[in-house]
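Numbering (the working numbering), first residue to last: -15 to 160. Glycine included, every Cβ here is placed at the ideal spot set by N, Cα and C.
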Amino acid sequence: IDSDLVEFDEPSMSQNSDNNPESLYDDGDDYSDLLTEEELVQLSSGSEATIGSDDLMGLLEAEITLTDATKEEFDFDAALSDDSGRINAPPVADAGDDQVIDADKSGAAIVTLDGSRSFDEDGVIESHEWRDSSNRVIGEAAIIKVKLPKGNHTFTLTVTDNDRASTSDAVTVQVL
């Protein structure tokens, strides 16, 4: 046996075989206040409890609290809504259709990347940002022109709305 191996014994069948709250929780704490009267009767009588799907749905509810470095709680509702209580829908980024372009005599092509079909149904788009496949920003307008050598090129458009929500869409350009 390894020296850092911790070995656990299996509990014997006689341990906690009594099905009442005192033997189930024999550490001295009283957990009976967490149970309904009906559950206490079921436990003390040894009968089996059944749980319906409605009971399970209640068990699945959760409350999440996030705190930042200053220990302040993050307010999800405030983050998703403005002062009027309106919940912001993110914008829709549209980088356009994939393109196949023929190169000119120099082996390159001038290509228009058009993100003007992007929209925000409950606000306005405040910024457009185009990035190349190496994640370098190559433009900050809805429509930009790029000169590309032969090959496959992928560009990502990220649009941000007036509520600071953003989404991205990619377009592939093949220069032949």
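Identify the continuous beta strand (DSSP E) that holds residue i and give its terminal residues.
| i | result |
| --- | --- |
| Pro133 | 127 to 133 |
| Val108 | Note, Val108: premise wrong, no beta strand (DSSP E); not H, not E. |
| Thr20 | Per DSSP, Thr20 belongs to no beta strand (DSSP E) and is neither H nor E. |
| Leu97 | 92 to 98 |
| Ala154 | 150 to 159 |
| Val121 | 121 to 123 |
Would DSSP call residue i helix, strand or coil?
| i | result |
| --- | --- |
| Val84 | strand |
| Leu24 | helix |
| Arg161 | Within the shown structure, residues of the chain are numbered from -15 to 160, placing residue 161 beyond reach of any answer. |
| Ser102 | coil |
| Asn72 | coil |
| Asp147 | coil |
For residue i, does the count of other Cβ atoms within 10 angstroms reach 16, so buried, or fall short, so exposed?
| i | result |
| --- | --- |
| Ile127 | exposed |
| Asp81 | exposed |
| Val84 | exposed |
| Asp(-14) | At Asp(-14) the pLDDT is 48, less than 50, meaning the model places this residue with poor confidence and gives no usable figure here. |
| Val108 | exposed |
| Gly99 | buried |
Would you mind giving the Cβ-Cβ distance between residue i and residue j, rounded to the nearest angstrom? I have them listed as a contact below 8 Å.
| i | j | result |
| --- | --- | --- |
| Trp114 | Leu132 | Not really, about 13 Å apart at Cβ, beyond 8 Å. |
| Leu97 | Val130 | 6 Å |
| Ser150 | Pro75 | 7 Å |
I'd like to know whether the C-beta atoms of residue i and residue j end up nearer to each other than 8 Å.
| i | j | result |
| --- | --- | --- |
| Ala77 | Ser117 | no |
| Glu110 | Asn72 | no |
| Val155 | Gly135 | no |
| Phe139 | Ala79 | yes |
| His137 | Val157 | yes |
| His112 | Ala93 | no |
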